[in-house]
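The block underneath contains the structure these notes are about, expressed in structure tokens.
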Amino acid sequence: MPEFVTIWINGSAVRVPAGTPVSIAVLMAGHSEFRRSVSGEPRGPLCGMGICMECRVQIDNQAHCRSCQILCQEGMTVRTHD
Amino acid sequence: MLGHSKMTTAGFDVAIVGAGVVGAACALECARAGLRVIVLDRDPIGGGTTGAGMGHLVVMDDSEAQFALTRFSCSLWNERGVELPPEVEYQKCGTIWVAADEVEMAEVHRKQDFYSSRGVAVEVLDYRQLAEAEPNLREGLVGGLLVRDDSVLYPPCATRFLIEKAQQQGAVLRLNSTVASLGSHGPVLSDGSVVSAGITVNAAGISSPQLVAGIEVQPRKGHLLITDRYPGFLNHQVVELGYLKRAHSVTSDSVAFNVQPRKNGQILIGSSRQYGNREKGIDALLLRQMIRQATEYMPELKNLSTIRAWTGFRPATRDNLPFIGPHPNNENICLATGHEGLGITTSLATAELLVDQLLKRPSKIPYEPYLPGRSGERRADA
Amino acid sequence: MIEQRYRTDILVVGAGPAGVAAAFRAAESGARVLVVDDNPQCGGQIWRADSKKALDKDATKWLDRIRDSSVKFLGGLKVFDRPEPGVMRAEGFDQVVACRFEKLILATGARERFLPFPGWTLPNVTGSGGLQALVKAGLPIEGKRIVVAGSGPLLLAVAGYLKERGAKIQIIAEQTRRFDLVKLGLRLLKCPKKLQQAFDLKMKLQGIPYLTNCWPVSASGRNAVESVTLQQGPKEWAVSCDYLACGFHLLPNTELAELLGCRIEKGSVWVDEFQETSVQGLYCVGESCGVGGLELALVEGEVAGWAATNLKEKARERFSERRKWRGFAAGLNRAFELRRELKKLPTPETFICRCEDVPFSRLQSEHSWRSAKLQTRCGMGPCQGRVCGPATEFLFGWKTESVRPPVFPVRLGSFVPSSAGDAPAES
Chain A
0 MPEFVTIWIN
10 GSAVRVPAGT
20 PVSIAVLMAG
30 HSEFRRSVSG
40 EPRGPLCGMG
50 ICMECRVQID
60 NQAHCRSCQI
70 LCQEGMTVRT
80 HD
Chain B
0 MLGHSKMTTA
10 GFDVAIVGAG
20 VVGAACALEC
30 ARAGLRVIVL
40 DRDPIGGGTT
50 GAGMGHLVVM
60 DDSEAQFALT
70 RFSCSLWNER
80 GVELPPEVEY
90 QKCGTIWVAA
100 DEVEMAEVHR
110 KQDFYSSRGV
120 AVEVLDYRQL
130 AEAEPNLREG
140 LVGGLLVRDD
150 SVLYPPCATR
160 FLIEKAQQQG
170 AVLRLNSTVA
180 SLGSHGPVLS
190 DGSVVSAGIT
200 VNAAGISSPQ
210 LVAGIEVQPR
220 KGHLLITDRY
230 PGFLNHQVVE
240 LGYLKRAHSV
250 TSDSVAFNVQ
260 PRKNGQILIG
270 SSRQYGNREK
280 GIDALLLRQM
290 IRQATEYMPE
300 LKNLSTIRAW
310 TGFRPATRDN
320 LPFIGPHPNN
330 ENICLATGHE
340 GLGITTSLAT
350 AELLVDQLLK
360 RPSKIPYEPY
370 LPGRSGERRA
380 DA
Chain C
0 MIEQRYRTDI
10 LVVGAGPAGV
20 AAAFRAAESG
30 ARVLVVDDNP
40 QCGGQIWRAD
50 SKKALDKDAT
60 KWLDRIRDSS
70 VKFLGGLKVF
80 DRPEPGVMRA
90 EGFDQVVACR
100 FEKLILATGA
110 RERFLPFPGW
120 TLPNVTGSGG
130 LQALVKAGLP
140 IEGKRIVVAG
150 SGPLLLAVAG
160 YLKERGAKIQ
170 IIAEQTRRFD
180 LVKLGLRLLK
190 CPKKLQQAFD
200 LKMKLQGIPY
210 LTNCWPVSAS
220 GRNAVESVTL
230 QQGPKEWAVS
240 CDYLACGFHL
250 LPNTELAELL
260 GCRIEKGSVW
270 VDEFQETSVQ
280 GLYCVGESCG
290 VGGLELALVE
300 GEVAGWAATN
310 LKEKARERFS
320 ERRKWRGFAA
330 GLNRAFELRR
340 ELKKLPTPET
350 FICRCEDVPF
360 SRLQSEHSWR
370 SAKLQTRCGM
380 GPCQGRVCGP
390 ATEFLFGWKT
400 ESVRPPVFPV
410 RLGSFVPSSA
420 GDAPAES
């Protein structure tokens with residue numbers, strides 16, 4: 000297993016240790032706002048354990064993925080504001 | 000029916016049992032006509048069949064009587080559309096009936112003749128136009144029929160809107176009230192008290208046969224699923240044409256491809272029909288059949304995040320027409336029930352036809368086909 | 000999507016301490032044991048793998064035991080449906096799995112209770128355990144100013160952990176009264192292990208104000224939280240911060256048990272003396288049958304693991320220890336009961352349902368969870384009411400409804416995976 004993987008967040012490359020959840024990569028890339036709520040509020044992770052669904056992002060073209068429960072894989076493309 | 004001798008002074012002119020969409024529409028129509036009306040329900044507004052349904056306002060062509068009622072009612076909804084508040088999520092998205100083969104395409108043309116000769120705006124789509132209208136449909140479909148003026152709404156909020164309008168015009172709403180039976184002076188509650196009323200309207204949907212003898216309304220179970228929000232994924236209510244063949248088979252369970260775009264981008268996925276199943280739980284096997292049918296027509300649905308599945312029971316009659324009018328054996332009781340899967344669509348017309356009969360007003364369409372005592376409805380041995 | 004199929008004697012859902020202990024004891028008798036968890040790794044929340052720090056002795060012992068045993072672990076899978084009796088189906092990011100089992104042990108753990116107050120939806124307002132989970136997973140926290148608030152022993156553990164990782168803990172705000180904590184403290188005296196833990200924590204947290212009778216009344220900030228206003232008695236003041244880590248004790252995750260028809264009592268899964276639920280052959284252990292902490296979870300797991308493999312005498316040997324920890328848990332839960340004053344936190348505009356953005360004012364006219372759902376969409380979003388359900392239960396006394404599949408949102412296709420053919424891949 001490689002020590003680091005590179006994923007793409009909103010078009011920018013982000014290098015993180017292997018085994019890092021997508022949510023952490025998004026936070027480390029400087030996005031505290033993961034999505035907008037249905038009325039337009041900024042939102043980010045709340046529960047950190049896959050319950051609250053606030054950390055949803057688009058991963059590899061799949062919308063509404065819980066970023067805190069999915070680990071970064073080499074070449075993954077992530078979009079915030081899913 | 001509602002001769003002045005029958006008007007009670009102490010109580011209400013009309014007591015409606017059931018705060019679903021049909022009861023709500025009836026309450027508003029009664030209140031508009033100046034009748035003193037009360038609505039009773041043991042559950043929240045729209046908590047029965049109304050809350051479980053799709054909210055598709057659709058002109059149907061199974062029979063002339065069904066067409067007349069659905070068309071009249073859709074025109075009433077379209078008139079009201081402008082005044083519905085945003086939470087009702089009224090949207091004139093149209094219906095597309097999809098043909099998968101040449102036989103079903105022939106049905107498209109038959110429907111086109113039927114609708115257009117009766118003044119309903121329809122448009123035949125070839126396979127290319129169909130793909131353009133709904134890019135997520137699978138390839139290889141033959142075409143479809145677009146019924147432009149069909150629409151969708153969110154039934155629980157539509158029902159509350161109707162009730163609140165009725166209340167503004169003097170109607171009384173009493174929830175958490177379980178009606179035990181229908182007496183000659185009005186509904187009898189489970190605590191033994193009587194709500195005094197000249198006429199009692201049984202709009203209790205699947206519970207209506209428990210309140211009064213002599214009517215046959217069977218629960219017909221259905222399943223639905225709803226997805227997360229995917230704006231732009233689906234543009235119309237899309238229904239397969241195999242639907243009609245299967246939907247009315249009384250003997251066996253059936254599923255059909257029937258999807259609806261919600262205004263917020265969520266997608267409702269149906270549908271199923273089961274007779275004789277009174278279990279509220281999800282039927283895992285049928286749910287899977289329903290999903291397979293849906294993903295067969297629209298493969299990309301497979302990748303959409305599904306939030307919820309649920310079941311509901313439609314109040315079905317033997318001839319697929321509702322009961323609207325006086326009970327054949329009890330002139331103090333009226334029926335407004337048995338709307339099967341078309342209660343949302345036909346609620347407004349039902350209310351008008353009911354109040355027309357109560358007040359002996361001329362009606363805009365004939366009400367005879369929906370009278371509870373109609374021939375052909377009751378069993379030969381009953 | 001192709002469904003991967005497994006067949007096992009005992010299926011354990013949840014790989015926290017309770018699930019790990021259950022799996023290990025069940026495997027002792029030679030039974031085939033499969034453990035699935037939503038998290039990618041074994042350990043649950045409390046033993047969540049830490050990117051920077053080694054786990055403690057207890058955690059290492061149990062996780063080593065599992066690794067060296069015959070127990071098979073599958074991570075990153077959320078169990079969402081029971082397609083037929085004796086089979087559970089789970090979805091992963093790129094797979095669907097079906098597990099056929101003889102007996103099932105649920106160890107679905109607990110989640111934090113969140114209470115709504117103005118500003119609680121801002122980014123960087125997280126759960127207390129929520130922030131800890133993010134930091135364990137690699138979120139850098141050095142030098143960040145953090146307010147830890149809410150209720151429960153977790154607040155202290157989280158504050159201690161974050162401090163160790165270089166965060167600047169501004170304050171710990173605990174809603175309960177000092178009196179209730181003193182009562183709890185007296186119980187600790189009878190429990191040397193807990194007393195030692197409390198003492199260690201106290202040393203770690205030296206210099207950090209720990210205020211009781213204190214809670215956040217609002218959080219504010221432009222794009223993320225910048226400041227939180229705390230209240231203690233008549234006093235109200237603002238504290239600037241980079242994170243507000245706020246959770247009000249824990250709630251059992253009972254959804255899967257409810258789906259399977261288990262009796263629920265006072266918010267927890269009911270179990271008999273062998274941890275068997277009201278459904279035969281279905282066991283429940285750890286926080287999902289009552290919040291009780293690590294030690295209780297381990298004992299309950301062992302009892303169920305043995306009981307499910309017919310080693311009831313061995314299970315019995317643990318009853319007295321379990322009794323002790325249950326007594327301790329009861330005292331703990333009493334000490335951190337929610338204050339009625341917290342019901343006044345939301346303003347009319349405060350969103351109670353974060354998925355559908357339903358404000359407090361729209362819920363005040365509703366009379367039940369069902370009518371609120373139907374009329375306002377409260378609880379109808381993708382968290383399926385896991386956050387707002389307990390909040391409305393506290394605020395309005397509403398009881399939530401029955402659970403139906405999917406227990407978590409899943410791709411529609413996961414309900415209808417294609418089978419791998421006549422020779423299913425079984426393990």
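Residue numbers (numbering that gives the first Met the number 0), protein chains in the order written: chain A, 0 to 81; chain B, 0 to 381; chain C, 0 to 426.
In this text, a Cβ means the ideal position worked out from N, Cα and C, and glycines have one as well.
Values in this document were obtained by computation on a predicted structure and should not be read as measured data.
Every unbroken beta strand (DSSP E) within the stretch 159 to 241 of chain C, with a cutoff of 3 residues, ordered by chain: 167 to 173, 213 to 219, 226 to 231 and 234 to 239
Alpha-carbon to alpha-carbon, residue 9/A and residue 501/C: Residue 501/C is absent from the model: chain C starts at 0 and stops at 426.
Span of the beta strand (DSSP E) around residue 290/B: No beta strand (DSSP E) holds residue 290/B; the alpha helix (DSSP H) holding it covers 283 to 296.
Start and end residues, alpha helix (DSSP H) containing residue 126/B: 126 to 132
Identified DSSP bridge partners for residue 329/B: 326/B
Bounding residues of the beta strand (DSSP E) (the contiguous stretch that carries residue 100/C): 95 to 105
Cβ of residue 56/A within 9 Å of any chain D Cβ: Chain labels in this structure do not include chain D; the protein chains are A, B and C.
Selected residue, minimal CA-CA separation from residue 124/C, among 325/C, 199/C, 341/C and 243/C: 243/C
Partners in chain C for residue 37/A, counting only beta-carbon separations shorter than 7 Å: 355 and 356
Completely contained alpha helix (DSSP H) runs for the stretch 307 to 366 of chain C, where each covers 4 or more residues: 311 to 316, 318 to 334 and 359 to 362
Under 8 Å (Cβ pairs) to chain A, residues found in the stretch 153 to 171 of chain B: none
Sequence-distant residues of its chain with Cβ nearer than 7 Å to residue 320/B (five each side left out): 64, 65, 368 and 369
Beta-carbon neighbours of residue 362/C, restricted to chain B and to distances below 9 Å: Simply none; closest approach about 13 Å.
Cβ-Cβ separation, residue 16/B to residue 200/B (assumed contact under 8 Å), whole Å: 7 Å
Cβ shell of residue 378/B (< 6 Å), same chain only, five flanking positions each side left out: Because residue 378/B sits at a pLDDT of 39, beneath the cut-off of 50, its placement in the model cannot be relied upon, and the following sentence gives the value as read from the coordinates. Excluding positions up to five away in sequence, the list is empty.
Cα-Cα separation between residue 400/C and residue 78/C, rounded to whole angstroms: 20 Å
CA nearest to the CA of residue 52/B, picked from 270/B, 10/B and 70/B: 270/B
Backbone secondary structure at residue 195/B - three-state DSSP: coil
C-beta atoms of residue 406/C and residue 80/C nearer than 9 Å: yes
Chain A contacts from the stretch 290 to 322 of chain B (Cβ-Cβ distance under 7 Å): 302 and 304
Partners in chain B for residue 61/A, counting only beta-carbon separations shorter than 7 Å: 302
Helix, strand or coil at residue 87/B [DSSP, three-state]: helix
Partner residues on chain B for residue 414/C, Cβ-Cβ distance less than 8 Å: 286, 287, 290 and 305
Backbone CA spacing between residue 331/C and residue 183/C [nearest angstrom]: 7 Å
Proximal chain C residues relative to residue 6/A, where beta-carbon distance stays under 8 Å: Those do not exist, as residue 6/A stays about 13 Å from chain C at its closest Cβ, beyond 8 Å.
Short Cβ contact (9 Å threshold) for residue 129/C with residue 47/A: yes
Sequence-distant residues of the same chain with beta carbon closer than 7 Å to residue 214/B, five excluded per side: 207, 208, 322, 334 and 371
Cβ contact (3+ pairs, closer than 8 Å) linking the stretch 74 to 89 of chain B and the stretch 151 to 170 of chain B: yes
DSSP beta-bridge partners of residue 80/C: 88/C
Rounded straight-line distance, which links the Cα of residue 195/B to that of residue 7/B: Only weak support is given to the placement of residue 7/B: the predicted model assigns it a pLDDT of 44, under 50, and the value that follows is read from those uncertain coordinates. Computed Cα separation, rounded: 8 Å.
Contacts that residue 46/A makes with chain C (C-beta to C-beta distance below 7 Å): 110, 111, 126 and 129
Residue closest to residue 117/C, alpha-carbon to alpha-carbon, out of 199/C, 220/C, 47/C and 1/C: 220/C
Nearest-angstrom Cα separation, counted from residue 383/C out to residue 377/C: 9 Å
Assigned exposure category for residue 434/C - 16 Cβ within 10 Å defines buried: Absent from the model: residue 434/C. The displayed extent of chain C is 0 to 426, so no value can be given.
Residue interval of the beta strand (DSSP E) (run including residue 313/B): 304 to 315
Beta-carbon proximity of residue 133/B to residue 233/B, cut-off 9 Å: yes
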